[in-house]
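Our numbering puts the sequence shown at residues 1 to 303. Everything below concerns the one structure shown next.
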Amino acid sequence: MKKSQYIWYNGKFVNWDKATTHVLSHGLHYGSGIFEGIRAYSDNANAFIFRLEDHYSRFYNSGKVSLIKIPFSQKKLQEATVQLIKKNKLKNCYIRPLAFIGEGSIGINPGNNKVNVIIAAFEWGTYLEKNGIEHGIRAKISSFARMGVNSFMTKSKISGNYINSVFAKREAIQLGFDEAIMLDNDGYIAEGTGENIYIVRNNIIKTTPITTVLEGITRDCVIKIAKDNNIEVQEQKFTRDELYISDEVFLSGTAAEITPVREVDDRTIGNGKPGKITKLIQDEYSKIVSNKNPLYASWLTKV
Ligand code: PMP
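Right under this line is the structure:
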């Protein structure tokens, strides 16, 4: 991550180093915040924010689910995001909106504590390393199950939810893997720590139904790209042994983009190289985000 000049904070552009909060902020203690992860890409001339409105719609849905009322309109935050990228003179960047409950009551009940909103935008390269995107990553089935739908709600990006991902990610890294894959409470494959997951068998893509996982915006892109290329997609539960014997495995997410998985729990996937369907989806995705496919131009917001 590379520091940029400004962060939008409750309606104002403040210097990066001045974007601070009180140590008794409720969100800091209890995870009572919601966030988004968005990327902007550039063709040679302009920056384009990818699926801006869809990300902010999910942000407001996260607010609804978690009862965190965002004190700005969606239109205002979308406009602020465009302005922020301009002011920071960014082209390819990652955008992180966050709304969190501030200080006041320090009990579990946040009472009328103010909800603060920030938007940060900064340069952030490949999430799972350039080598991973090109050649595939090594993943591990986590010893941590994905949080159950009746305790944490998976349709929302609630800050506190992510401690489950932090546990799984750290365990995988400590054991020498690049990423963790979590099972749901029934033992089926759920998702990565910040990515949706897919397997390919006999040229058919299978991905976890959205019941237990985040409704990834990149997941929606993968399904559309596959359909437009006459590749069948089944939204179905699958097990870890089906994953081990599949021809291809890949992950998708705004940060991770389309990342091939070449090994899971020391079992080589396919021939150990990114598979042909993975590569097709990856190539199409990278053309779409950088404004090289006019069919999907409606997903881009010019800065
Ligand atoms: N699952 C989880 C748990 C995530 O945090 C993310 C990243 N937002 C995803 C899936 C992928 O979602 P998206 O494609 O919208 O970034």
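Backbone N, C-alpha and C define an ideal beta-carbon position, used for all residues, glycine too. All values derive from a computational prediction rather than experimental measurement.
Under the 10 Å beta carbon count, TRP16 is surrounded by fewer than 16 other beta carbons and is classified as exposed. With contacts defined as CB atoms closer than 8 Å, THR207 and VAL249 fail to qualify as a contacting pair. Taking HIS55 as the centre and dropping the five residues before and after it, the same chain places the C-beta of GLU36, ILE38 and ILE217 closer than 7 Å to its C-beta, in chain order.
Excluding residues up to 5 positions away in sequence, GLY111 and ASN113 lie with their Cβ nearer than 6 Å to the Cβ of SER105 in the same chain.
At a threshold of 7 Å, THR218 counts as near the ligand PMP, since its beta carbon sits closer than that to one of the ligand's heavy atoms. Annotation for SER252: the continuous beta strand (DSSP E) segment containing it runs 248-253. Around the C-beta of HIS26, 16 or more other C-beta atoms lie within 10 Å, and the residue is accordingly described as buried. For LEU300, the enclosing beta strand (DSSP E) has its first and last residue at 300-302. Apart from sequence neighbours up to five positions away, the residues of its chain that approach ASN293 with a beta-carbon distance below 8 Å are GLU284 and LYS287, ordered along the chain. Excluding the 5 residues flanking it on each side, LYS169 has same chain C-beta neighbours closer than 6 Å at ALA180 and THR193, in chain order. Using a cutoff of 7 Å, the CB of SER252 counts as near the ligand PMP, since one of the ligand's heavy atoms is closer than that.
Around the C-beta of GLU191, 16 or more other C-beta atoms lie within 10 Å, and the residue is accordingly described as buried. The beta-carbon distance between MET182 and ARG146, rounded to whole angstroms, is 4 Å. This is short enough to meet the 8 Å contact definition. Only residues of its own chain outside the window of five on either side were considered, and among them THR207 and PRO209 have a CB closer than 7 Å to the CB of GLU235, listed in chain order.
Counting along the chain, ALA190 sits inside no alpha helix (DSSP H); it lies in the beta strand (DSSP E) bounded by residues 189-192. The shortest CA-to-CA distance from LYS157 to any of SER32, LYS3, SER290 and LYS12 is the one to SER32. Around the beta carbon of GLN74, a 10 Å sphere encloses fewer than 16 other beta carbons of the protein chains shown; the residue is thus reported as exposed.
DSSP places LYS12 inside the beta strand (DSSP E), whose first and last residues are 12-15. Excluding its 5 nearest sequence neighbours in each direction, LYS2 has C-beta neighbours in its own chain below 7 Å: PHE122 and GLU123, listed in chain order. Its Cα nearest to that of ILE68, the residue LEU98 stands out among VAL149, ASP43, LEU98 and GLN83. Per DSSP, the beta bridge partners of GLY33 are PHE100. Around the beta carbon of GLN174, a 10 Å sphere encloses fewer than 16 other beta carbons of the protein chains shown; the residue is thus reported as exposed. Spanning the alpha carbons of SER159 and ILE70 requires a straight line of approximately 15 Å. Look at LYS89 here: in three-state DSSP terms it is coil, with no helix or strand label. Here ILE34 is buried: its Cβ has 16 or more other Cβ atoms, across all protein chains shown, within 10 Å. Between ALA256 and HIS135, the alpha-carbon positions lie close to 14 Å from each other. If you draw a straight line from the Cα of ASP266 to the Cα of ARG138, it is about 8 Å long. In this structure, VAL213 has its CB closer than 7 Å to one or more heavy atoms of the ligand PMP. Less than 8 Å divides the Cβ of LYS155 from the Cβ of GLU215. If you look at GLU53, you'll find it in the alpha helix (DSSP H) that goes 52-66.
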